[in-house]
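Per the working numbering, numbering of the sequence shown is gapless, rising by one per residue and ending at 658. Here's the structure we're looking at; comments come further down.
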Amino acid sequence: MYRDFLLACVLSLIFHLGILFGLPAPVWESFEAEDVPRDVELVAMTLPDPQALNANESLELTPPPQPPPPPPKVLTFDNSRIAPISRKQIDGIIEQASKGESMQLTMPALELPAHKPSDISSPPPPLPAPPVDTSEVVAALLESSPEAPGQPQGKAKAVGLGQLRLGEKQAPSRLATPKIDPNLLAPPPPQAAAPVALPIPKPEPELGIQGPVAQREPLSKPPLPEVVVVADSEITLKFWVRPDGVVSRIVTVRKDDTELEAAAIRYLSGWRFSPLLPHETQEEQWGTITVRFLRPVR
Numbered sequence: 361m362y363r364d365f366l367l368a369c370v371l372s373l374i375f376h377l378g379i380l381f382g383l384p385a386p387v388w389e390s391f392e393a394e395d396v397p398r399d400v401e402l403v404a405m406t407l408p409d410p411q412a413l414n415a416n417e418s419l420e421l422t423p424p425p426q427p428p429p430p431p432p433k434v435l436t437f438d439n440s441r442i443a444p445i446s447r448k449q450i451d452g453i454i455e456q457a458s459k460g461e462s463m464q465l466t467m468p469a470l471e472l473p474a475h476k477p478s479d480i481s482s483p484p485p486p487l488p489a490p491p492v493d494t495s496e497v498v499a500a501l502l503e504s505s506p507e508a509p510g511q512p513q514g515k516a517k518a519v520g521l522g523q524l525r526l527g528e529k530q531a532p533s534r535l536a537t538p539k540i541d542p543n544l545l546a547p548p549p550p551q552a553a554a555p556v557a558l559p560i561p562k563p564e565p566e567l568g569i570q571g572p573v574a575q576r577e578p579l580s581k582p583p584l585p586e587v588v589v590v591a592d593s594e595i596t597l598k599f600w601v602r603p604d605g606v607v608s609r610i611v612t613v614r615k616d617d618t619e620l621e622a623a624a625i626r627y628l629s630g631w632r633f634s635p636l637l638p639h640e641t642q643e644e645q646w647g648t649i650t651v652r653f654l655r656p657v658r
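Okay, here's the thing in structure tokens:
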């Protein structure tokens with residue numbers, strides 16, 4: 361093993377010495393870099409001048425022209441393929457429908473009469489009005505009406521409207537003309553309106569305060585609210601009074617009108633009661649009161 365190592369070292373030394381001294385000079389010169397200056401020209405990119413372009417040239421990209429749209433398709437209907445339907449086929453279709461079977465129905469071809477342009481543009485002449493024979497109606501009216509004085513007795517010949525001939529005289533009308541009394545057309549004289557007796561309301565007992573707070577005397581009250589009363593109404597409120605005599609909260613028990621309810625709450629919230637004595641229990645006391653709104657008596 362030691363010999364192999366020495367042999368490898370000797371061979372490596374001989375190989376490297378041969379490379380250093382055994383190769384010719386031109387080979388070494390080929391590996392040296394050539395120190396020769398070279399000229400390089402830098403070219404800058406420039407855009408063309410728009411004014412120098414021809415009239416036909418343009419910087420904008422225009423899309424290619426689109427082909428024209430195809431013409432619309434016209435649907436044609438061939439009436440010759442529709443076979444006429446007979447009474448026998450109708451009976452067969454009704455029978456199939458009653459049995460719940462599928463049926464096929466073919467409609468007959470429609471043939472429209474051809475009209476000339478002159479016929480279409482000019483409207484048809486109006487139909488003449490049928491003659492109205494009123495002889496029977498006039499005769500019935502003459503027979504049923506009473507005979508006027510100074511008229512000849514007998515039956516008069518009824519002649520229809522617009523059927524008088526030359527040389528004939530029209531019989532005078534035998535219908536009596538009603539006479540209207542001019543006094544009936546005059547307006548009635550103005551009558552004085554009858555006095556209406558308004559009921560006088562009976563005085564009702566004063567509505568007081570109910571509950572524990574009734575033992576406390578109200579020291580001050582705000583002025584009565586000014587509201588429009590359409591009908592008599594009553595508002596019942598339940599309220600609580602603090603120990604210092606101030607009304608703390610109010611709850612509506614019964615009401616007839618919303619506006620009158622708000623006026624009653626504002627009126628009661630301004631009350632002040634006597635404060636509790638020091639030896640009394642210092643807590644809120646409740647009470648109920650009914651505020652009545654009456655219409656003014658005229």
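Beta carbons are placed, not taken as given, at the ideal position from N, Cα and C, and that holds for glycine. Just so it is clear, the structure is predicted and the values come from calculations on it, not from any experiment.
Between V607 and W631, the CB-CB gap stays under 8 Å. For the pair R576 and S629, the CB atoms are not nearer than the 8 Å cut-off.
Cβ-Cβ distances below 8 Å link R655 to V589, V590, A591 and D592 in the same chain, with the five nearest sequence neighbours on each side left out; the list follows chain order. In this chain, the alpha helix (DSSP H) harbouring S629 covers T618 to S629. When the Cα atoms are used, A622 and L637 turn out to be separated by approximately 32 Å. Taking C-beta atoms under 8 Å as the contact rule, T650 and E594 qualify, at a distance of about 6 Å.
With respect to A624, L597 sits close: the two C-beta atoms are nearer than 8 Å. Around the CB of V613, fewer than 16 other CB atoms lie within 10 Å, so the residue is classed as exposed.
Counting along the chain, the unbroken alpha helix (DSSP H) around G452 starts and ends at R447 to K459. By the C-beta density criterion, L584 is exposed, having fewer than 16 other C-beta atoms within 10 angstroms. The Cβ atoms of E640 and R602 do not sit closer than 8 Å to each other. Closest in C-alpha terms to P582, from the list F599, W600 and Y627, comes Y627.
DSSP places G647 in the uninterrupted beta strand (DSSP E) bounded by Q645 to F653. Taking a contact as a CB-CB distance under 8 Å, the pair E619 and V657 does not count as one, their CB atoms being some 21 Å apart.
Only residues of its own chain outside the window of five on either side were considered, and among them W631 and F633 have a CB closer than 6 Å to the CB of P578, listed in chain order. For K598, the enclosing beta strand (DSSP E) has its first and last residue at S593 to V601. Checking the DSSP bridge columns, you'll see F633 partnered with P578. One Cα belongs to I453, the other to S446, and the distance between them is close to 11 Å.
Where T612 is concerned, the enclosing beta strand (DSSP E) starts and stops at V607 to R614. Counting the other Cβ atoms within 10 Å of the Cβ of F375 gives fewer than 16, which makes it exposed.
Sequence-distant partners of Q570 (beyond 5 residues in either direction) whose C-beta falls short of 8 Å from its own C-beta, in its chain, are G647, T648 and I649.
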